[in-house]
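First residue of the sequence shown? That's 1 in the UniProt record's numbering, and the numbers climb one at a time after it.
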Amino acid sequence: MTSDNPVTQAATPLARSFALIAGYMLLGVALFVTAEILARRFFNISLQGGDELGGYMLAILAAFGFSYALIERAHTRVEILIERVGPRIQAVLNIFSAWCIALMAVFMAWRAWATLMESVEYRSLSGTPLMTPLWQPQSLWFAGLLLFAGVALAAAVHATLLMLHDQHRLNRFYGVKTLEEVIEEETLTSESGMESAAR
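Structure (structure tokens):
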């Protein structure tokens, strides 16, 4: 999605914030695993729950990452067919793609909610020494999937509305990134990296 896309403009601040938090969480998991390895190697002790916490973090990171990836049009799409058809067929395929992602996101959020409610009802604990109440990590996991479902639904509805009056914008907002867009993004990223290094 591009910067003049209203869905992107509305969702990017929240999705980017959660993506940054998720990145720091991943760094925390990496440091914890490193500490676990060093403690086992040099002190012959184990920090309990590293793999369990890592698993929770991975699920939460992925859930929040989905919405940011959608905004950035980073989800994998097969381009073999879409480049060989006209703009109208491209628009139809892009709407189909947007609705497939939206329906899958809603399904994932719905199943996550059912899992969370089951854990709350039965007061489920993890079968590990930490005995983590499962509703705690599942709440964050569900929140990430709910954000993904909201962004995906907004994108699908917006794409459908654009089909009625502006197929060019539909394809630009929700189609596969062009080579020019990829080059522009990489150039901006490398320039900002060089500016940061120069400071």
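Yeah, the Cβ is synthetic: ideal placement off N, Cα and C, and Gly gets one too.
- The count of Cβ pairs closer than 8 Å, one atom from the segment 45–61 and one from the segment 147–163, stays below three, leaving the stretches out of contact.
- Put simply, the segment 32–42 does not touch the segment 173–180. Fewer than three CB pairs are less than 8 Å apart.
- Taking all protein chains shown into account, A11 has 16 or more neighbouring C-beta atoms within 10 Å of its C-beta and is therefore buried.
- As the crow flies, the alpha-carbon of W135 is around 34 Å from that of H158.
- Cβ neighbours of A39 within its own chain (closer than 8 Å, five residues either side excluded): I45, S46 and L47.
- The segment 63–81 and the segment 19–32 touch, with no fewer than 3 CB-CB distances between them shorter than 8 Å.
- Taking each of L161, F42 and L146 in turn and checking the Cα distance to A15, the smallest one comes out for L146.
- With fewer than 16 other Cβ atoms from the protein chains shown falling within 10 Å of its own Cβ, G127 counts as exposed.
- Contact check for I60 against W141 passes: the beta carbons are separated by less than 7 Å.
- Beta-bridge annotation (DSSP): P133 is paired with L125.
- Going by C-alpha positions, E180 is about 21 Å away from Q9.
- Sixteen is the threshold: when 16 or more other Cβ atoms of the shown chains lie within 10 Å of the Cβ of S97, as they do, the residue is buried.
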